[in-house]
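I have placed the structure first, in the form of structure tokens, so that the comments after it can refer back to it.
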Amino acid sequence: MERRKNFKKYLWFLISMILLFSLTQMVSAQTSDAVRIISQKSDAKAGRYTIYWQKVKAAEGYEISMYNMANKRLIHQHLTAEKPSYTLSGVKEGQRYRVRIRSYHYKVNPYTDIRKKVYGTYTTTYIGQQPRLKFAWKNQKSAIVTWKALDGASSYTVYLSARRGSGYRKVKTVKTNSVTLKKLGTETTYYAYVVANYKVKKKTYHTPSTYSYPFRLQLTK
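If you want the working numbering, it's the 1-based position in the sequence shown plus 52.
This is the structure:
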């Protein structure tokens, strides 16, 4: 009789430990570190878009999902290895997308020897390709810059420099997809890029400034 009582106590202890371990796994899945995005790179011509993030401690891989903003349809889902970056394909110029990233790792239940994938918290961001620029000449001191409008963009900020790698200054923020650059020199090669700004709920997002476009005033005879 005494042995049966001891066996029941041991059995309840064993069940309690298994339940406690399962609960720990659930809490771990809910409280794992979220992915922190550190940079993004646009390639509108090729339709590619690369996202880089800080490596999550103990992560064995990452899940990245891309959704169309127009119909909220899942376009792309991929599991990556430990590398904290991924290049999305099919990112069309002029469209916005919602992207969700989360880390995962594996835990083994020591009592059942079952290997379970445990996910971290989702990080959500919104992306759009950097606008590609076209130039036309208004006169010998002005140029008109145009680009394809980004769906949902509230404004566009134009930057200009006389050097490719530095010295960019904000020229103007406009709500249309064109701007006139004035007081330009005829002997100077300029570099320009445009950042599209768009708001989702209360947060403002921006397209990357991956590259700049060179142009030079064309003198008319």
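Don't be surprised by glycine CBs; every beta carbon is placed ideally from N, CA and C.
- Here glutamate 115 is buried, its C-beta having at least 16 other C-beta atoms within 10 Å.
- As a beta-bridge residue in DSSP terms, threonine 256 pairs with Lys251.
- For valine 160 and leucine 131, the gap between their C-alpha atoms comes out near 20 Å.
- Here the C-alpha atom of threonine 232 lies approximately 4 Å from the C-alpha atom of isoleucine 196.
- Residue pairing by DSSP places leucine 202 in no beta bridge whatsoever.
- Per DSSP, the beta bridge partners of isoleucine 153 are Ile116 and Thr175.
- Rounded to the nearest whole angstrom, the C-alpha separation of isoleucine 179 and glutamine 92 is 9 Å.
- Arginine 148 places its beta carbon less than 7 Å from that of methionine 121.
- Under DSSP, asparagine 191 shares a beta bridge with Ser194.
- By the criterion of at least three beta-carbon pairs nearer than 8 Å, the segment 160-177 is not in contact with the segment 126-145.
- Counting only the Cα atoms, valine 247 lies some 7 Å from proline 260.
- The beta carbon of arginine 125 sits closer than 8 Å to those of Tyr119, all from its chain and outside the five residues before and after it, given in chain order.
- For lysine 93, the uninterrupted beta strand (DSSP E) segment begins and ends at 88-95.
- Cβ contact annotation for lysine 227 (same chain, cutoff 6 Å, sequence separation greater than five): Ser207, in chain order.
- By the Cβ neighbour-count rule, alanine 205 is buried, with 16 or more other Cβ atoms within 10 Å of its own.
- Boundaries of the beta strand (DSSP E) around valine 231: 230-233.
- If you ignore the 5 residues before and after alanine 201, its C-beta comes within less than 7 Å of the C-beta of Gly146 and Asn229, all in its own chain and listed in chain order.
- Setting aside the 5 residues that flank it on each side, arginine 221 is surrounded in the same chain by Tyr211, Leu212 and Ser213, each with a C-beta closer than 8 Å to its C-beta; the list follows chain order.
- Across the structure, alanine 111 and glycine 217 are spaced so that their CA atoms are roughly 36 Å apart.
- Assigned with DSSP and collapsed to three states, isoleucine 103 falls in strand.
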